[in-house]
Structure formats: C-alpha cells, structure tokens
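Colleague: A single structure is presented below for examination.
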Amino acid sequence: MTEPLASIPMVIADRVVKSFGSHTVLKDISLTVNRGEVVCVIGPSGSGKSTFLRCINHLEKLDGGRLTVDGELIGYRQRGDKIYELKPKEAAAQRKDIGMVFQRFNLFPHLTVLENIMEAPLQVKRQSRAAASARALELLARVGLAEKAKAYPASLSGGQQQRVAIARALAMDPKLMLFDEPTSALDPELVGEVLDVMKQLARDGMTMIVVTHEMGFAREVADSLVFMDGGVVVERGEPREVLTNPQQDRTKAFLSKVL
Amino acid sequence: METTGSSGQPERIVAIPLRHPVRNVVAVVIILIVVLFVVDAAFFRPAYDWPAVGKYIFDVRVSQAALVTIELTVLAMVGAIVLGTLLAVMRLSPNPVLKSVAWAYLWIFRGTPVYVQLVFWGLLATIYKTISVGVPFSSDVLFSWTTQDAISVFWLAVIGLALNEAAYMAEIVRAGMLSVDPGQSEASTALGMSWSQTMRRIIIPQSMRVIIPPTGNEVISMLKTTSLVTAVPLSTDLYTRTRDISAETFNPIPLLIVASIWYLFFTSLLMIGQYFLERRFARGSRFVDVGPGADNPTVLVGATPTAPIAAQPGTSTEGRSS
Numbered sequence: 000m001t002e003p004l005a006s007i008p009m010v011i012a013d014r015v016v017k018s019f020g021s022h023t024v025l026k027d028i029s030l031t032v033n034r035g036e037v038v039c040v041i042g043p044s045g046s047g048k049s050t051f052l053r054c055i056n057h058l059e060k061l062d063g064g065r066l067t068v069d070g071e072l073i074g075y076r077q078r079g080d081k082i083y084e085l086k087p088k089e090a091a092a093q094r095k096d097i098g099m100v101f102q103r104f105n106l107f108p109h110l111t112v113l114e115n116i117m118e119a120p121l122q123v124k125r126q127s128r129a130a131a132s133a134r135a136l137e138l139l140a141r142v143g144l145a146e147k148a149k150a151y152p153a154s155l156s157g158g159q160q161q162r163v164a165i166a167r168a169l170a171m172d173p174k175l176m177l178f179d180e181p182t183s184a185l186d187p188e189l190v191g192e193v194l195d196v197m198k199q200l201a202r203d204g205m206t207m208i209v210v211t212h213e214m215g216f217a218r219e220v221a222d223s224l225v226f227m228d229g230g231v232v233v234e235r236g237e238p239r240e241v242l243t244n245p246q247q248d249r250t251k252a253f254l255s256k257v258l
Numbered sequence: 000m001e002t003t004g005s006s007g008q009p010e011r012i013v014a015i016p017l018r019h020p021v022r023n024v025v026a027v028v029i030i031l032i033v034v035l036f037v038v039d040a041a042f043f044r045p046a047y048d049w050p051a052v053g054k055y056i057f058d059v060r061v062s063q064a065a066l067v068t069i070e071l072t073v074l075a076m077v078g079a080i081v082l083g084t085l086l087a088v089m090r091l092s093p094n095p096v097l098k099s100v101a102w103a104y105l106w107i108f109r110g111t112p113v114y115v116q117l118v119f120w121g122l123l124a125t126i127y128k129t130i131s132v133g134v135p136f137s138s139d140v141l142f143s144w145t146t147q148d149a150i151s152v153f154w155l156a157v158i159g160l161a162l163n164e165a166a167y168m169a170e171i172v173r174a175g176m177l178s179v180d181p182g183q184s185e186a187s188t189a190l191g192m193s194w195s196q197t198m199r200r201i202i203i204p205q206s207m208r209v210i211i212p213p214t215g216n217e218v219i220s221m222l223k224t225t226s227l228v229t230a231v232p233l234s235t236d237l238y239t240r241t242r243d244i245s246a247e248t249f250n251p252i253p254l255l256i257v258a259s260i261w262y263l264f265f266t267s268l269l270m271i272g273q274y275f276l277e278r279r280f281a282r283g284s285r286f287v288d289v290g291p292g293a294d295n296p297t298v299l300v301g302a303t304p305t306a307p308i309a310a311q312p313g314t315s316t317e318g319r320s321s
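Sequence order for the protein chains is A and B. According to numbering that gives the first Met the number 0, the first sequence is numbered sequentially starting from 0. According to numbering that gives the first Met the number 0, the second sequence is numbered sequentially starting from 0.
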C-alpha cells in the first residue's frame, strides 16, 4: 500500500453480499470503521450481524462486494481487474492480525489457561516459549486472572473463561478485535467483569467491532452504533442518538422491544 | 428452610425392600442347568478328553503359537491405527482428491471379507512375481527382488490384517474428530492456525476420549481375527497350530478347547487394560484440576462426566444469530 496507513480506515466493507445456499444473509452491507473506533452492532437474531463479523476475518467467504482490513483485501487478491482466491496459508496469515471472541468462549479444554493463550503465538508466530509465556502472564494480569494460569477452562466461571478468551486473542497483537455476542452466554452477574475488560481495551485505543445486546455498553463505550436487520444496515449513528431518537421505523420497532 | 418445627434430624425411611421372587427362581434354574452341563461335560463326555487338554495347554508348540498370535495382533493394530488416522484426516480434509482416495479405500477394504483379502495377500507373489525399483518409462532396473523372498508369509498376514482394520479404525477416528465441538476449529482458525495445526494441536488431542474405548474393542476383535491367517496361509498362529496338532492326533476337540482357553486368557487381559484406559480418559474429560487456580466453586459441578462445554454456566439455548 502506498497511501499513508493512518489515513486508511481499519475496515471498509463495500456492498458485501453473503448467501448460504439460496438464503441471502447479507444483502448489501457497506460500513467503514476507523482506526481506534469502537462500533457496536445490534439487531434482531437472524439479521446477519454474526455472519458479517465472520466475513471480516474470512471465516465465511464473501459472495459479493469488497472487504478490506487495514487496506488489505480479505480472502482475495486483486490483480488488474481479476480477483484471485487466497491460498489457505495466506488467509491464515490475514487472520492472525484480527482477534475474535466468541459467544461460547471456545477455549481449548485440553489445555491450561496459560497454554490456551500461548498456543497461537507458539504455533503461528513461532515465538519462544519464554517470550510467549511472559506475554501470556502479562495479558492474564491485565484481564485480572493472573492466579488462574495453571487452571483448566472447565474449572473457571463463564466470565473468567471469556476474559481468558479475550487474552488469548490479544496474545496475537491484533490490530482489530471482533466480539461476537461476548456476554450472551453468561449469567447476568458475570456480564460486568467481561464488559469491564472490553471497556479497558476500548480506552487503550483498540479498534473494536462488537455484536451485542448490551445497550448500556453500547451507549457508554461505542463511538458509533449500527442497527442491522434483514441483511442490511438500517441505521448508523452516535449511540445515544440512535437509542433515544431512532430515525427508521424498523429501528424504533426493535428498540421498543429490547429497551 | 425448616417447616416442621421439630428439632433434630429428619426421620429416616425404614421400608421393607421390594421382593423379587421370580428373579430368584430363574437364577436357581440357570445355575442348575450350568452345573448339570459342567458335570456332564466333566465325567460323561469322553470326546472332550480333558487329560489331553491338560497335556497340550502348556505344550511349547502351543505357547509359541500364542506368542505369534499376540505379535500379529499388536503389529496389525499399530499399522491400522496409524493408517486409519491418516485416512480419517484425509476424509475430513477440504481436499477433494484426498477425500475421494480415502473414500475408495474404505469402500474396497470394508466392502470385502477379511478372509478373501488374506487369500489375495497370500497370492501376491503369484500376481506380482518381482518387486523392482527402476526409472519410470525405461527398462533400467535399479533393484529387484522376487516377491516371495522380499515379504515373508508372516508379514503378508500382518499387512492383510492391518489394511483391513485400517478401514474400521478410520471410521472410529473420524467419529472421534467429528465429536469435537466445531467451535474449537473455528477458534483455532480465527487465531491464524493452519488446518494441519488445528488438526494436530486441537482436534486430535480432544478426540482421543471418544476414540479410545472402541479401539479397545477393535484390539479384542483383532486378536480373534488373527485365527483367519491360515488363509494366507500362515500356519504358526494359535488356531492353525492347534488344528495342525489335532490333525496328527486325530483328536480335534481338546485342542479346540486349548485354543479357546488361550484366546479367552488374552481377551481377559485386554478387557482389564481397556477398563483402566477408559477410566483414565473419562477422568481426563472432566479436567479435574489440581493446580493452584482450581479453587473456583462455581463450575466444579462439572464433576459429572459430560463434555467440558456443559460446565459453562448460563449457556443460552439459542444459537448465535447470523
């Protein structure tokens, strides 16, 4: 890329389309996320929020449009007017810079907390054990779980597991973090501890896209709020503005049900 | 929450246990039949020839043959597990060529009887008289062996048993890998790990718990299948050896009993081994933690032998919205 990097938005989705068989989940999504920006995505279930998130790190293949992260086309390479599919290795290389946190945590149950965090730095970045371990312990301290390094995931509460999952994603030093309903599988009293870690991350300047049902979090932390429905972006704006004064009827209908 | 108002322990139930009269009668009848059968076999059926059983059970020829049977079992199973894992990974790979090759292998080796396959392996030297290494599309031959000298009958039997068993092991390993939550490979992929790293580091280690018990069954099954190597023909295994001895003595029944006792002895050993292996891996699945971080009481209800995911609290029943 020859343009000055700082001026390129972190994520540009340009008319993104994604279908599963005959079912078109993402009809036409255009969205720009700037560096250091925190974007919350809300919408009814089945609206395509999670699918969009999974397209950003190419867990799902796009069927139409363009998606770039940090100026780099995701999943494809463009030469002239031809588009080439990336090799699995190249796609994996793109993913290592994009952290993802899942609704169900997806920690590796056969590895300890520390090993969970060290796995990708060791395998993908070929870091030394000492370096990976030092970094993992530092991240564990950051999410408030330094004393759990040797525990197995099954012995942790849901909130603790999700904080470990965040630390695991951060261990790859991502430039972008994707959160797929990170608190939806948690007991209500455990939601706060995960949101606190995410708030801290936002304050540190991480670029984040968060699919969530936590309106309070969106209001407090997000720079911008996106409402998706039926595979399109219905409305986007300043969170307070969207939540208190939605412009579209569909947004109004949705918010009247969840607020 | 005391509602009784009275003090002390709640009253214990002292009930008369349920009687099972029919069960007892059936048990007695079965025991009687068994005793009658044993007494009859021991004293009134000369064809069993128990003195001959005693004579041959520790005969050197028989115990040597028992050793050959164990060797066949171990070697064939090791080969089958390695090849089966390879085939399972091939079947689950995104590569259509590997997938088809694995599918075709299973189709052939599971679709024909192992006895027929063993006969084929015995005829290998008839079909392919020499094994040669040369330059392709030229007549230059670098090395050449006659098949008969290169591969002994024993190894033909091992190959035949292993290749057949690999087809079944492939299905067992595949089932084990499919039992791992898809979220695991998703998380691993999202971290930038390659497909082979995901398989090696994440999926296969977790599938072991599901793979081990049926593999134990396969070992026991293999022990008995080795009695078919006479089809190759290999004549040094337990069954074939006892049959050859009885051909000389014209007394087949006691030698069948001798062979059965040896098979039962080995099977019992394997069953004990399997019991301990299964216990070990069931414990592993609970991830009962002895580290310093294991003091959280919230989730240690995960002491039931369920998948680790079930230990997570507040798991919502709805899937992720897409």
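Note that CB positions come from ideal geometry on N, CA and C, so glycine has one too.
1) Return the chain-ordered list of same chain residues with a C-beta closer than 7 Å to the C-beta of V32/A, the five sequence neighbours on each side being excluded.
2) Under 7 Å Cβ to Cβ from N295/B, same chain only, skipping five residues before and after it: list those, please.
3) Cβ closer than 7 Å: which chain B residues qualify as neighbours of M99/A?
4) Please decide whether P50/B counts as near chain A, where near means a Cβ-Cβ distance under 7 Å.
5) Taking buried to mean at least 16 other C-beta atoms within 10 Å of its own C-beta, is D269/A buried or exposed?
6) Exposed or buried, which one is S184/B when buried takes at least 16 other CB atoms within 10 Å?
7) Measure the alpha-carbon distance for V196/A versus E146/A and round it to whole angstroms.
8) Rounded to whole angstroms, how far is the Cβ of I55/A from the Cβ of L177/A, which I believe are closer than 8 Å?
9) What does Q122/A touch in chain B if you count any residue whose Cβ is under 7 Å from its own?
10) Just checking my contact of R94/A with A189/B at CB under 8 Å: how many whole Å lie between their CB atoms?
11) How big is the Cα-Cα spacing for R18/B and V25/B?
12) When the distance is taken between beta carbons, is V15/A closer than 7 Å to G64/A?
13) Looking at C-beta atoms only, is the number of pairs between the stretch 141 to 155 of chain A and the stretch 200 to 213 of chain B that lie closer than 8 Å three or more?
14) Give me the Cα-Cα distance between R199/B and E84/A, rounded to the nearest whole angstrom.
15) Pull the bridge partners of C39/A from the DSSP assignment, please.
16) Please compile the residues from chain A whose C-beta is within a distance smaller than 7 Å of the C-beta of G182/B.
17) Might you give, ordered along the chain, the residues of its own chain that have their beta carbon closer than 6 Å to the beta carbon of F201/B, omitting 5 neighbours on each side?
18) Taking S206/B as the reference, give the member of V172/B, E217/B and S234/B with the closest Cα.
19) Report yes or no: do three or more beta-carbon pairs, one from the stretch 43 to 53 of chain A and one from the stretch 175 to 194 of chain A, lie closer than 8 Å?
20) Give a yes or no on whether the minimum CB-CB distance between Q273/B and chain A is below 7 Å.
21) Which class does G159/B belong to by DSSP, given the choice of helix, strand or coil?
22) Helix, strand or coil: which one does DSSP assign to T111/A?
23) Which whole-angstrom value describes the C-beta separation of H109/A and P204/B, a residue pair presumed to lie in contact below a C-beta threshold of 8 Å?
24) Within a Cβ cutoff of 7 Å, which residues of the same chain sit near V289/B, ignoring the five residues on either side of it in sequence?
25) Are the C-beta atoms of K256/A and some chain E residue less than 7 Å apart?
26) Could you tell me which whole beta strand (DSSP E) segments of length 3 or greater appear in the stretch 84 to 132 of chain A?
27) Would you call the CB atoms of W120/B and L155/B closer than 7 Å?
28) DSSP state of R262/A, grouped into three classes?
29) For I97/A, count neighbouring C-beta atoms within 10 Å of its own C-beta (all shown protein chains included) and say buried if the count is 16 or more, exposed if not.
30) Please classify T68/B: is it buried, with 16 or more other beta-carbons within 10 angstroms of its beta-carbon, or exposed?
31) Please determine, among T197/B, A166/B and T229/B, the residue with the shortest C-alpha to C-alpha distance to G110/B.
32) Considering only C-alpha positions, which residue in the set L66/B, Y55/B, T146/B and K128/B is nearest to L254/B?
33) Assuming R218/A contacts V225/A (C-beta within less than 8 Å), just tell me the rounded distance between them.
34) Which same chain residues end up closer than 7 Å to G283/B when comparing Cβ atoms and leaving out the 5 residues on each side of it in sequence?
35) Could you work out which residues of chain A lie near E277/B, taking near to mean beta carbons separated by less than 9 Å?
36) Give me the residue from V220/A, F253/A and Q247/A with the minimum Cα distance to R239/A.
Modeller: So, from the listed chains and residues:
1) On the first sequence, position 33 is the one that residue 32/A refers to. Once the five neighbours on either side are set aside, the close Cβ partners of V32/A are P8, M9, V10, V38, T206 and I208.
2) Indexing the second sequence from 1 puts residue 295/B at position 296. In this predicted model, N295/B has a pLDDT of only 41, less than 50, meaning its place in the structure is not dependable; the value taken from the coordinates is given anyway. Answer for N295/B: no residue qualifies.
3) Here residue 99/A is taken as the residue at index 100 of the first sequence, counted from 1. Residues of chain B passing the Cβ test: A189.
4) What you label residue 50/B is simply residue 51 of the second sequence in a count that begins at 1. Not one chain A Cβ lies under 7 Å of P50/B.
5) Summary: the structure shown does not reach residue 269/A, with chain A confined to residues 0 through 258, and so no result is reported for it.
6) What you label residue 184/B is simply residue 185 of the second sequence in a count that begins at 1. S184/B should be labelled buried.
7) Residue 196/A sits at position 197 when you count from the first residue of the first sequence. Residue 146/A sits at position 147 when you count from the first residue of the first sequence. A straight line joining the alpha-carbon of V196/A with that of E146/A spans about 17 Å.
8) As a position in the first sequence, residue 55/A is number 56, starting the count at 1. As a position in the first sequence, residue 177/A is number 178, starting the count at 1. Confirmed, about 6 Å.
9) Start at 1 with the first residue of the first sequence, and residue 122/A comes out as number 123. Correct list: M192, Q196 and R200.
10) Numbered from its first residue, the first sequence carries residue 94/A at position 95. Numbered from its first residue, the second sequence carries residue 189/B at position 190. Here R94/A really is in contact with A189/B; their C-beta atoms are around 6 Å apart, less than 8 Å.
11) Indexing the second sequence from 1 puts residue 18/B at position 19. Indexing the second sequence from 1 puts residue 25/B at position 26. Roughly 14 Å between the two C-alpha positions.
12) Translated into the one-based positions of the first sequence, residue 64/A becomes position 65. Translated into the one-based positions of the first sequence, residue 15/A becomes position 16. G64/A is a Cβ neighbour of V15/A, given a cutoff of 7 Å.
13) No, the stretch 141 to 155 of chain A is not in contact with the stretch 200 to 213 of chain B.
14) Translated into the one-based positions of the second sequence, residue 199/B becomes position 200. Translated into the one-based positions of the first sequence, residue 84/A becomes position 85. Distance from the CA atom of R199/B to the CA atom of E84/A, rounded to whole angstroms, is 25 Å.
15) Position 40 of the first sequence, counted from the first residue, corresponds to residue 39/A. Partner(s): V209/A and L224/A.
16) Position 183 of the second sequence, counted from the start, is the residue given in the question as residue 182/B. Within 7 Å Cβ-Cβ: F101, R103 and N105.
17) As a working note, residue 201/B is residue 202 in the second sequence. As written in the sequence, residue 201/B is Ile, which differs from the Phe given in the question. Answer for I201/B: Q183 and S187, listed in chain order.
18) On the second sequence, position 207 is the one that residue 206/B refers to. Of the candidates V172/B, E217/B and S234/B, the one whose C-alpha sits nearest the C-alpha of S206/B is V172/B.
19) Yes: the two stretches touch, three or more of their Cβ pairs being nearer than 8 Å.
20) For the purposes of this step, residue 273/B is taken as the residue at position 274 of the second sequence. The C-beta of Q273/B comes no closer than 7 Å to any C-beta of chain A.
21) Residue numbering aside, residue 159/B sits at position 160 when the second sequence is read from its first letter. The answer is helix: DSSP assigns G159/B an H, G or I state.
22) Your numbering for residue 111/A matches position 112 in the first sequence. Coil, per DSSP.
23) Numbered from its first residue, the first sequence carries residue 109/A at position 110. Numbered from its first residue, the second sequence carries residue 204/B at position 205. The C-beta separation of H109/A from P204/B comes to about 5 Å, placing the pair in contact by the 8 Å criterion.
24) Within the second sequence, numbered from 1, the residue matching residue 289/B stands at position 290. With a pLDDT of 41 at V289/B, under the threshold of 50, the predicted position of this residue should be treated as unreliable, though the coordinate-derived value follows. Here V289/B has no same chain residue with a Cβ atom under 7 Å from its own Cβ, once five neighbours each way along the sequence are excluded.
25) Chain labels in this structure do not include chain E; the protein chains are A and B.
26) Runs of the beta strand (DSSP E) inside the stretch 84 to 132 of chain A: 97 to 100.
27) Position 121 of the second sequence, counted from the first residue, corresponds to residue 120/B. Position 156 of the second sequence, counted from the first residue, corresponds to residue 155/B. One thing to note: W120/B has its Cβ within 7 Å of the Cβ of L155/B.
28) The displayed coordinates of chain A run from 0 to 258. Any statement about residue 262/A would go beyond what the structure contains.
29) Position 98 of the first sequence holds residue 97/A. Around the CB of I97/A, 16 or more other CB atoms lie within 10 Å, so the residue is classed as buried.
30) As a first step, residue 68/B must be located in the second sequence, where it is residue number 69. Under this definition T68/B is a buried residue.
31) By one-based count along the second sequence, residue 110/B stands at place 111. G110/B has its Cα closest to that of A166/B, out of T197/B, A166/B and T229/B.
32) Position 255 of the second sequence, counted from the first residue, corresponds to residue 254/B. Nearest in C-alpha terms to L254/B, of all of L66/B, Y55/B, T146/B and K128/B, is Y55/B.
33) By one-based count along the first sequence, residue 218/A stands at place 219. By one-based count along the first sequence, residue 225/A stands at place 226. The distance from the Cβ of R218/A to that of V225/A is about 14 Å, inconsistent with a contact at the 8 Å cut-off.
34) Indexing the second sequence from 1 puts residue 283/B at position 284. Low confidence applies here, because G283/B scores a pLDDT of 46, under 50, leaving its location unreliable; read the following figure in that light. Counting only Cβ-Cβ distances below 7 Å, and skipping sequence neighbours, we find R208.
35) Residue numbering aside, residue 277/B sits at position 278 when the second sequence is read from its first letter. Simply none; closest approach about 17 Å.
36) Mapped onto the first sequence, residue 239/A falls at position 240. Cα-wise, what sits closest to R239/A is V220/A.
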